[in-house]
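**Q** After the structure tokens below, expect a handful of questions from me.
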């Protein structure tokens, strides 16, 4: 399916129970529902399309093994990309900008990969995981979203790595018992909160992040058993407002994270 100008329709491109298709170089703009909609379909590719001004830019429901790459998805009235009940969805090198809700919203899915996308200026979160496991958010530029940069709810064992997350409300936000996630090698800069852990989100590992000039660098609200430090020789995080003297890898000069919990939370980076 290629080189179609699908504008001002109910749906731009609609696939149901249809496998092994490639959609490339199409324009799917100003449709009442979705620019590109896939339901109960497998092994499809969505490449180099433009989806602007739709309700949802791209929607993938109850489908497996889809690749969504090099698309421009802007100014959706709802979410830029919406995925629900899917397995092994790959999103890479897309531009997702100025959508009225989340840039990418993924629910009740596994093995989703979000890599090397530009996700800016969305009204909701840049990326939101809801009941997701074994997902990856890697190498993205996520900035200037009015909600969170990356938000996880009821999500387990995901990797958030090597992202540039700047000037959002919260850089990374975990809530509703999101546990056993790995957060490492991200730059979190100029957000209102760098990292915010809330509502039973425990047993997460958070280290080797650059946490720079956020309004509040990190906050731990009523949660426990998160690791902010992998101990010597791996260490913890870099904090722009913490200066150590020498190299006290024994933890004698820890960074103290704001918390409403009874005990202080420490992260050692020196």
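In the working numbering, the protein residues as written are 4 to 273. Ideal Cβ positions, reconstructed from N, Cα and C, are used throughout, including at glycine.
1. Determine the direct distance from the alpha carbon of residue 235 to that of residue 256, and round the result to whole angstroms.
2. At which residues does the beta strand (DSSP E) containing residue 36 begin and terminate?
3. Among the residues of its own chain, which have a CB less than 8 Å from the CB of residue 188, if the five just before and after it don't count?
4. Going by C-alpha to C-alpha distance, which of 30, 48, 42 and 72 sits closest to residue 56?
5. Between residue 170 and residue 148, what straight-line distance do the alpha-carbon atoms span, to the nearest angstrom?
6. Among residues of its own chain, excluding the 5 on either side of residue 144, which ones have a beta-carbon nearer than 6 Å to its beta-carbon?
7. Taking the straight line between their C-alpha atoms, what separation do you get for residue 265 and residue 229?
8. How close, in whole Å, do the beta carbons of residue 173 and residue 139 come, if the pair is a contact with beta carbons under 8 Å?
9. Do you know how far the Cα of residue 43 is from the Cα of residue 125?
10. Output needed for residue 82: all residues of its chain with C-beta closer than 7 Å, excluding positions within five of it in sequence on either side, in chain order.
11. Measuring alpha carbon to alpha carbon, tell me which residue in 65, 76 and 45 is nearest residue 54.
12. Can you determine whether any heavy atom of the ligand ZN sits closer than 8 Å to the C-beta of residue 108, and answer yes or no?
13. Between residue 245 and the rest of its own chain, which residues show a CB-CB distance below 6 Å, the 5 nearest in sequence each way excluded?
**A** To lay it out plainly:
1. The residue given as residue 256 occupies position 253 in the chain shown. The residue given as residue 235 occupies position 232 in the chain shown. For residue 256 and residue 235, the distance between alpha carbons rounds to 14 Å.
2. In the chain shown, counting from the first residue as 1, residue 36 sits at position 33. Run containing residue 36: none; DSSP gives neither H nor E here.
3. Counting from 1 along the chain shown, the entry for residue 188 is found at position 185. Result list for residue 188: 164, 165, 211 and 212, in chain order.
4. Against the chain shown, residue 56 aligns to sequence position 53. Among 30, 48, 42 and 72, the Cα nearest to that of residue 56 belongs to 30.
5. Position 167 of the chain shown, counting from 1, holds the residue named residue 170. Position 145 of the chain shown, counting from 1, holds the residue named residue 148. In this structure, the straight-line span from the alpha carbon of residue 170 to that of residue 148 is close to 7 Å.
6. In the chain shown, the residue the question calls residue 144 occupies position 141. If you ignore the 5 residues before and after residue 144, its C-beta comes within less than 6 Å of the C-beta of 121 and 167, all in its own chain and listed in chain order.
7. By 1-based counting over the chain shown, the position of residue 265 is 262. By 1-based counting over the chain shown, the position of residue 229 is 226. Only weak support exists for where residue 265 lies, its pLDDT of 47 falling under 50; the value from the coordinates is given anyway. Each residue's alpha carbon lies about 14 Å from the other.
8. Mapped onto the chain shown, residue 173 falls at position 170. Mapped onto the chain shown, residue 139 falls at position 136. Their Cβ separation, rounded to whole angstroms, is 20 Å, which puts residue 173 and residue 139 out of contact at 8 Å.
9. As a position in the chain shown, residue 125 is number 122, starting the count at 1. As a position in the chain shown, residue 43 is number 40, starting the count at 1. C-alpha separation (whole angstroms): 28 Å.
10. One-based indexing of the chain shown puts residue 82 at position 79. Closer than 7 Å at the Cβ level, and outside the excluded window around residue 82, lie 59, 102, 104, 105 and 108.
11. The sequence position of residue 54 within the chain shown is 51, counting from 1. Of the listed residues, the one whose Cα sits closest to residue 54 is 76.
12. This structure simply doesn't include the ligand ZN, nor any ligand for that matter.
13. Here residue 245 is taken as the residue at index 242 of the chain shown, counted from 1. The residues 258, in chain order, have a CB closer than 6 Å to that of residue 245 in the same chain once the five nearest residues on each side in sequence are set aside.
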